[in-house]
Amino acid sequence: MQISTLGKTNLKISRLGAGLSEIGNQLTMADVNQASKVLNAALDGGITFLDTAGCYGISEELIGLTIPHRRHEYVLATKCGHAIEESDSNAWTKDTITYSIERSLKRMKTDYIDLIQLHSCNTSILEEGEVITAIQNARDA
Numbered sequence: 000m001q002i003s004t005l006g007k008t009n010l011k012i013s014r015l016g017a018g019l020s021e022i023g024n025q026l027t028m029a030d031v032n033q034a035s036k037v038l039n040a041a042l043d044g045g046i047t048f049l050d051t052a053g054c055y056g057i058s059e060e061l062i063g064l065t066i067p068h069r070r071h072e073y074v075l076a077t078k079c080g081h082a083i084e085e086s087d088s089n090a091w092t093k094d095t096i097t098y099s100i101e102r103s104l105k106r107m108k109t110d111y112i113d114l115i116q117l118h119s120c121n122t123s124i125l126e127e128g129e130v131i132t133a134i135q136n137a138r139d140a
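With the first letter of the sequence shown counted as 1, position 84 gets the number 83 in numbering that gives the first Met the number 0; the numbers rise by one all the way through.
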């Protein structure tokens, strides 16, 4: 598997990554063994970039249930910004972004996320600065 540097970061990732929307939206908690086989096969095959989101069904939970012991083997990307719970009605506040990141950490049973992506945030909201502050605070925590 070819390895590349992700953008302007020092993160080394496989040229082929695994997007986890389908396993999160198609599988149920009863399918943990199937999810484990898929995720472990991806890692065993040299995939080192996993892309998920809180709005991808139970994908974050499946990561936490199946491969947290292999955390050092992959770069983990998730997203914030989609209102997926009643508490997320305004997805672009500092508190909501912070809550979303903390929820993802807990679900995936990890103490760090390599890449946080903003899901469909418009420029005017970014210019207000609150979202950027929340992301910077998470990075510095």
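Glycine residues also receive a C-beta, built at the ideal position from the N, C-alpha and C atoms.
Cβ shell of residue i (< 6 angstroms), same chain only, five flanking positions each side left out
{"i": "Leu117", "result": "Gly80"}
{"i": "Met28", "result": "none"}
{"i": "Thr65", "result": "Ala34, Ser35, Leu38"}
{"i": "Gly63", "result": "Arg106, Met107, Lys108"}
{"i": "Leu114", "result": "Ala76"}
Burial state of residue i (16 or more Cβ within 10 Å)
{"i": "Met107", "result": "buried"}
{"i": "Leu15", "result": "exposed"}
{"i": "Tyr111", "result": "exposed"}
{"i": "Lys223", "result": "The question about residue 223 has no answer here: the residues shown for the chain are numbered 0 through 140."}
{"i": "Lys78", "result": "buried"}
{"i": "Ile2", "result": "exposed"}
Helix, strand or coil at residue i according to DSSP, with G and I counted as helix
{"i": "Ser13", "result": "strand"}
{"i": "Lys78", "result": "strand"}
{"i": "Gln1", "result": "coil"}
{"i": "Asp113", "result": "coil"}
{"i": "Gly128", "result": "coil"}
{"i": "Leu64", "result": "helix"}
{"i": "Ala52", "result": "coil"}
Residue i versus the options, residue with shortest Cα-Cα distance
{"i": "Gly56", "options": "Arg70, Ile131, Ser20, Thr8", "result": "Ser20"}
Residues of its chain near residue i, where Cβ-Cβ distance is below 7 angstroms and the 5 sequence neighbours each way are ignored
{"i": "Arg102", "result": "Gly53"}
8 angstroms Cβ shell around residue i - same chain, five flanking residues per side excluded
{"i": "Val31", "result": "Leu61, Leu64, Thr65"}
Hey, which unbroken runs of the alpha helix (DSSP H) at 4 residues or more fall wholly within the stretch 85–110?
Entirely contained in the stretch 85–110, the alpha helix (DSSP H) runs reaching 4 residues are, in chain order, 93–107.
At 4 residues or longer, and completely inside the stretch 11–50: list those alpha helix (DSSP H) runs for me, N to C.
Correct list: 20–25, 31–43.
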